[in-house]
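Okay, structure first, notes after.
There are 4 protein chains.
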Amino acid sequence: MLIGVIGGGEAEGDALTLAHEVGREIASRGHVLVCGGRGGVMREACRGAKEAGGLTVGILPGDDLADANEFLDIPVLTGIGFARNSIVARTANALIAIDGSYGTLSEIAFGLTAGRHIVGLLTWEMRDGAGREPPIERVQSAVEAVDACERAAPGA
Amino acid sequence: MLIGVIGGGEAEGDALTLAHEVGREIASRGHVLVCGGRGGVMREACRGAKEAGGLTVGILPGDDLADANEFLDIPVLTGIGFARNSIVARTANALIAIDGSYGTLSEIAFGLTAGRHIVGLLTWEMRDGAGREPPIERVQSAVEAVDACERAAPGA
Amino acid sequence: MLIGVIGGGEAEGDALTLAHEVGREIASRGHVLVCGGRGGVMREACRGAKEAGGLTVGILPGDDLADANEFLDIPVLTGIGFARNSIVARTANALIAIDGSYGTLSEIAFGLTAGRHIVGLLTWEMRDGAGREPPIERVQSAVEAVDACERAAPGA
Amino acid sequence: MLIGVIGGGEAEGDALTLAHEVGREIASRGHVLVCGGRGGVMREACRGAKEAGGLTVGILPGDDLADANEFLDIPVLTGIGFARNSIVARTANALIAIDGSYGTLSEIAFGLTAGRHIVGLLTWEMRDGAGREPPIERVQSAVEAVDACERAAPGA
């Protein structure tokens with residue numbers, strides 16, 4: 473299956489460690505990693521996936537390979553800026569959100585719109601105007617995160 | 473200035489009443505209303521703006537005018553689906569969020585990414601992984617909402 | 473109706489003169505001008521439209537008003553780069569192509585895809601692999617161009 | 473390198489045979505095939521690439537895998553409609569155009585805008601308003617087409 477990893481391009485510390493572990497776990501189970509193709513969480517997840525012999529796809533905002541991290545097999549140069557966040561969210565069969573800022577928040581929102589299962593690690597929490605929380609599954613580890621994706625989209 | 477109104481296409485009750493008042497207030501002060509062009513909050517805001525003699529712009533997801541509400545002066549047919557949410561957020565000088573579901577959440581996220589001031593009425597609340605809340609200004613009425621937009625983007 | 477003007481951002485000479493006349497003609501007949509919002513043909517058409525008291529909409533590729541020409545009433549900041557060409561083509565009820573380079577060629581192609589009537593002034597000519605020419609109506613003047621748009625989309 | 477194959481979703485006859493051969497040739501030389509992910513030329517090229525053990529990426533317009541051809545390894549669900557044509561053109565290091573209608577014409581235009589080398593087989597011919605032809609390299613066979621891509625983007 474195609475598993476999306478979304479998270480901060482400027483992340484630090486635990487978020488990066490988790491991203492690296494998530495990338496390894498995705499690839500070691502034979503899944504393809506999809507992400508926004510840049511730094512921080514995206515880069516660490518790709519690095520992990522390549523260490524485990526996996527395939528990585530980066531949906532980049534710009535039209536310049538210089539913005540891509542060095543662990544991408546398939547750099548998709550969208551040229552559509554942050555609107556590419558909707559493509560990351562939709563292309564993945566399930567999404568793992570790690571930390572992240574406003575861009576990650578938009579990807580969570582698009583994933584919810586597209587009906588993708590979203591797994592959260594140290595990431596955004598939110599309630600709508602009526603106090604309802606979206607169905608984000610909160611987990612604590614890389615293994616749990618990939619387990620959750622596999623349960624959510626078993627046929628993918 | 474161009475004031476964006478974002479909110480639920482399926483909204484009910486108080487949200488619709490507020491949207492209508494916000495639309496009237498925007499137009500009566502001479503501002504242009506920008507929105508996603510469809511129903512619910514978007515339609516009520518446009519209806520209010522037209523009652524007050526204003527100009528309305530709808531950034532539609534599809535390529536069919538049949539999806540537009542009947543109070544749009546300028547229907548922009550993007551054909552790019554939900555990715556159009558990033559255009560609504562960016563085109564406005566400031567944004568008023570009323571109620572709303574995941575699409576509105578993505579517009580709030582894009583507005584924050586683009587540095588637009590966001591005013592909230594009965595809408596999403598959120599915290600990132602470190603517990604920080606984004607700078608959304610919470611208000612209680614249409615007048616306060618448009619006041620807040622004018623203060624935030626005075627030269628627009 | 474919404475009439476699109478597409479053409480070179482780097483155009484010179486006759487193309488600019490025609491663009492200016494086309495913009496005046498569109499506005500003097502009460503139509504709204506839609507274009508890509510930048511320089512060259514787009515700027516001259518907007519200048520003409522404003523001289524005639526019209527309304528101008530610019531669908532800009534970037535997210536910076538500094539790229540907009542100074543004759544836009546409604547600058548739509550798409551942030552999606554050249555992919556915005558598909559929005560210009562689709563938003564217009566009919567299109568007038570004046571001169572232009574590869575961007576204009578893409579707008580002609582998108583207009584044809586969307587079934588919009590296209591009127592050509594000093595612009596691209598093309599044949600597909602089977603030697604067939606697309607239905608572009610060739611005219612010689614601004615008046616003929618706007619006449620052709622009105623005939624093609626009478627109810628818009 | 474990433475080689476893009478663009479062409480008609482409704483193509484017939486020689487165009488389909490050439491597309492199949494081009495797909496095989498791309499994959500047998502170890503390149504990745506990028507296309508719009510749908511039928512006709514795109515499907516035949518992907519089928520050829522898979523027969524030769526290659527990797528295929530499809531940049532789809534919609535958000536439904538049902539629109540994808542059955543020979544895609546990486547279906548990218550853009551959800552941005554025909555605007556995705558700009559992503560196909562930009563993501564490829566070089567492009568091979570086979571037959572095709574208006575969508576293909578837009579991809580040629582975007583490829584030219586992005587500075588990609590374009591190789592043509594039975595496809596569009598065009599001249600701008602000054603009578604100049606864009607730099608499309610015309611060839612007669614699948615082998616020549618892939619040779620031309622390799623010469624044009626040697627380091628990719």
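Protein chains in written order, with my numbering: chain H, 473 to 628; chain U, 473 to 628; chain F, 473 to 628; chain R, 473 to 628. Ideal Cβ placement from N, Cα and C applies to all residues, glycine included. Note that this is a predicted model, so its numbers are computed, not measured.
Establish whether the CB of R:F582 and some CB of chain U are separated by less than 9 Å.
Residue 582 of chain R sits at position 110 when you count from the first residue of the fourth sequence. No, R:F582 lies away from the interface with chain U (no Cβ there is under 9 Å from its Cβ).
If contact is defined by three or more beta carbon pairs under 8 Å, each pair taking one atom from either stretch, is the region 520 to 537 of chain F in contact with the region 505 to 524 of chain R?
Note that the region 505 to 524 of chain R does not touch the region 520 to 537 of chain F; fewer than 3 beta-carbon pairs, one per stretch, sit closer than 8 Å.
Compare the Cα-Cα distances from H:L549 to each of R:V506, R:A569 and R:G575 and report the closest residue.
Your numbering for residue 549 of chain H matches position 77 in the first sequence. Closest by alpha carbon: R:V506.
Tell me where the beta strand (DSSP E) around U:M598 begins and ends.
Taking the second sequence and counting its residues from 1, the one referred to as residue 598 of chain U is at position 126. Element bounds for U:M598: E597 to R599.
Top-ranked residue by Cα proximity to F:D486, from F:D619, F:L594 and F:E622:
As a working note, residue 486 of chain F is residue 14 in the third sequence. Answer by Cα proximity: F:L594.
Does U:F554 get closer than 9 Å to chain R when you measure Cβ to Cβ?
Position 82 of the second sequence, counted from the first residue, corresponds to residue 554 of chain U. Yes - at least one Cβ of chain R is within 9 Å of the one on U:F554.
Bounding residues of the beta strand (DSSP E) (the contiguous stretch that carries F:A566):
Within the third sequence, residue 566 of chain F is the residue found at index 94, counting from 1. Where F:A566 is concerned, the enclosing beta strand (DSSP E) stretches over A566 to I570.
Test item: CB-CB of U:A569 and U:A625 under 9 Å
Position 97 of the second sequence, counted from the start, is the residue given in the question as residue 569 of chain U. Position 153 of the second sequence, counted from the start, is the residue given in the question as residue 625 of chain U. Contact: no.
Assigned secondary structure, F:T528 (DSSP; H/G/I helix, E/B strand, else coil)
Position 56 of the third sequence, counted from the first residue, corresponds to residue 528 of chain F. Judged by DSSP in its simplified three-state form, F:T528 adopts strand.
Buried or exposed for U:G525, going by 16 or more other Cβ atoms inside 10 Å?
In the second sequence, residue 525 of chain U corresponds to position 53, counting from 1. Answer is exposed; the Cβ neighbour count stays below 16.
Got a sec: which bits of the region 559 to 572 of chain R sit with their beta carbon under 8 Å from any beta carbon on chain H, in order along the chain?
When C-beta distances to chain H are compared with 8 Å, the residues of the region 559 to 572 of chain R below that value are I559, R562 and T563, in chain order.
Taking U:D535 as the query, report the chain R residues whose CB atoms sit under 8 Å from its CB, ordered along the chain.
Position 63 of the second sequence, counted from the start, is the residue given in the question as residue 535 of chain U. G553, listed in chain order.
For F:H503, does the three-state DSSP call read helix, strand or coil?
Reading the third sequence from its first residue, position 31 is the one you call residue 503 of chain F. Looking at F:H503 - three-state DSSP - the assignment turns out to be coil, as it is neither helix nor strand.
Roughly how many angstroms separate the alpha carbons of R:A499 and U:E579, rounded to a whole number?
Reading the fourth sequence from its first residue, position 27 is the one you call residue 499 of chain R. Reading the second sequence from its first residue, position 107 is the one you call residue 579 of chain U. Between R:A499 and U:E579, the C-alpha separation is close to 41 Å.
Work out the CA separation of H:V560 and R:L449 for me, nearest whole Å.
The first residue shown for chain R is 473 and the last is 628, placing residue 449 of chain R beyond what the model contains.
Does the beta carbon of R:L474 sit closer than 9 Å to a beta carbon anywhere in chain H?
As a first step, residue 474 of chain R must be located in the fourth sequence, where it is residue number 2. Interface residue (Cβ-Cβ distance to chain H less than 9 Å): R:L474 is classified as such.
Out of curiosity, what's the CA-to-CA distance linking U:I531 and R:E493?
Along the second sequence, read from residue 1 onward, the residue named residue 531 of chain U stands at position 59. Along the fourth sequence, read from residue 1 onward, the residue named residue 493 of chain R stands at position 21. If I take the Cα positions, the gap works out to 43 Å.
Taking the continuous alpha helix (DSSP H) assigned at F:V548, which residues delimit it?
The residue labelled residue 548 of chain F in the question sits at position 76 within the third sequence. Here F:V548 belongs to no alpha helix (DSSP H); instead the beta strand (DSSP E) covers I546 to L549.
Neighbourhood of H:F543 by C-beta distance below 8 Å, restricted to the same chain and skipping five residues each side:
One-based indexing of the first sequence puts residue 543 of chain H at position 71. Excluding positions up to five away in sequence, the list reads R515, C518, R519, A521, K522 and T528.
For U:G553 and R:D535, believed in contact at Cβ under 8 Å, the rounded distance
For this step, residue 535 of chain R is matched to residue 63 along the fourth sequence. For this step, residue 553 of chain U is matched to residue 81 along the second sequence. R:D535 to U:G553, Cβ: 7 Å. Contact.
Look at the Cβ atom of U:S573, then the Cβ atom of U:E484, and state whether they are nearer than 9 Å.
Position 101 of the second sequence, counted from the first residue, corresponds to residue 573 of chain U. Position 12 of the second sequence, counted from the first residue, corresponds to residue 484 of chain U. No, these two residues do not count as a Cβ contact at 9 Å.
Over the uninterrupted alpha helix (DSSP H) stretch that includes F:V591, give me the two end residues.
Taking the third sequence and counting its residues from 1, one reaches residue 591 of chain F at position 119. Secondary structure note for F:V591: it is in no alpha helix (DSSP H), and the uninterrupted beta strand (DSSP E) holding it is H589 to L593.
Any beta carbon of chain R sitting closer than 9 Å to that of F:N557?
Along the third sequence, one-based indexing puts residue 557 of chain F at 85. It does; some Cβ of chain R falls within 9 Å.
Separation of R:G583 from R:P533, as counted between CA atoms
Locating residue 533 of chain R in the fourth sequence gives position 61, where the first residue counts as 1. Locating residue 583 of chain R in the fourth sequence gives position 111, where the first residue counts as 1. CA-to-CA, the gap between R:P533 and R:G583 works out to about 17 Å.
Is there a Cβ of chain H sitting closer than 9 Å to that of R:V504, yes or no?
Here residue 504 of chain R corresponds to residue number 32 of the fourth sequence, with the count starting at 1. Taking Cβ atoms only, chain H reaches closer than 9 Å to R:V504, which makes this a yes.
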